[in-house]
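Novice:
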Amino acid sequence: MSTKSLVWSVLTALVLMILNNTLYVIKETEKGVLLRFGEVVNPDIQPGLHVKFPFVNNVRKFDGRVLTVDAQAERFLTQEKKALVVDSFAKFRVIDTARFYTATNGEVQRAMGLLAQRINDGLRNEVGIRTIQEVVSGERDQLMRNITLDLNKVAAAELGVEVVDVRVKKIDLPPDVSDSVYRRMNAEREKEAREHRSQGQELAEGIRAAADREVTVILSEAYRDAETIRGTGDAEATRIYAEAFGSDQEFYSFTRSLRAYQDSFQGSGDILLLKPDSDFFKYLKNPEGQQ
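Counting from -16, one number per residue, gives the positions in the sequence shown under the numbering used here.
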């Protein structure tokens, strides 16, 4: 390589190095602060291409999007002095780059650690004034809104960040008390089940007794009506027979004798001993039944 080429290479490298230390870009998803010997001179650099003095100015860039801090699950006591293990997370973003840089030296992980501590402090205060029922379901939304508002004020003043939302992921009982709680809940459910079964059996017995009573009433009424109808029929039949036989008494006596003959001589070996002049044979001797 010639001397001229070497000089041009050195000059090109120097120019690129100067440009690299002079020009910088802030993306739309970023926030940045401009420092001069470590002092903040521009706390809100707009997105785009910018110029700085090499070796004098320095630029610190931060993520301007919404970030997530996952707080470690902590054990808190409720108003009834019952322990709960609460797991939560928060959404935040940088709004004051100068304050954020001053408080955390521009380290996002450090900001997350400070926010996680404040989230747990807020949860401890809110859970301590509520019962288990209120924490789990009754006032859970109100609890998270209160924590978000309180934490947002502190975070904006101390860290230069805005807390967008705080959410509880999971609420559990501590392992040392969960077994006893589950056993008590199981006993209560079994007691409630026994009560429901006894009530059901009592109701079933009442329904069954009412049904049996109704069946008895229906059968007795039906038997009464049947007997009434049968009596009326028998009376009508007797009346008709009486009228029929009363119109010709001799014919009635004749038919009775025939029925008596039929009933008396049903088998080939039947024997009947009677006097020859018995009234039993009067219609056999004389069609008119005279002796």
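C-beta: ideal position from N, C-alpha, C; glycine also.
Terminal residues of the continuous beta strand (DSSP E) containing Thr51?
Specialist: Leu50 to Asp53
Novice: Check this for me: beta carbons of Tyr84 and Val42, under 7 Å apart or not?
Specialist: no
Novice: What are the boundary residues of the beta strand (DSSP E) that includes Glu22?
Specialist: Where Glu22 is concerned, the enclosing beta strand (DSSP E) stretches over Glu22 to Asn25.
Novice: Where does the unbroken beta strand (DSSP E) through Arg113 begin, and where does it stop?
Specialist: Careful: Arg113 lies outside any beta strand (DSSP E) and carries neither H nor E.
Novice: Please determine, among Val147, Gly143, Arg123 and Glu122, the residue with the shortest C-alpha to C-alpha distance to Leu132.
Specialist: Comparing Cα-Cα distances from Leu132 to each of Val147, Gly143, Arg123 and Glu122, the minimum goes to Val147.
Novice: Would you kindly work out how many angstroms separate the C-alpha atoms of Gly143 and Asp124, rounded to a whole number?
Specialist: Answer to the nearest angstrom: the Cα atoms are 26 Å apart.
Novice: Val147 by DSSP, collapsed to three states: which one?
Specialist: strand
Novice: What's the gap between the Cα of Val119 and the Cα of Val110?
Specialist: 10 Å
Novice: Which residues bound the alpha helix (DSSP H) around Leu142?
Specialist: That residue, Leu142, is in no alpha helix (DSSP H); it is neither H nor E in DSSP.
Novice: Report the partner residues of Asp70 according to the DSSP bridge assignment.
Specialist: Lys153
Novice: When DSSP labels each residue in this structure, what does Val34 get in the three-state scheme?
Specialist: strand
Novice: Grab me the residues of Phe97's own chain with a C-beta within less than 7 Å of its C-beta, minus the 5 sequence neighbours each way, in chain order.
Specialist: The sequence shown places Leu at residue 97, rather than the Phe named in the question. For Leu97, where only same-chain residues beyond five positions count, the Cβ hits under 7 Å are Leu142.
Novice: Can you give the Cα-Cα distance for Gln62 and Ile154, rounded to whole angstroms?
Specialist: 16 Å
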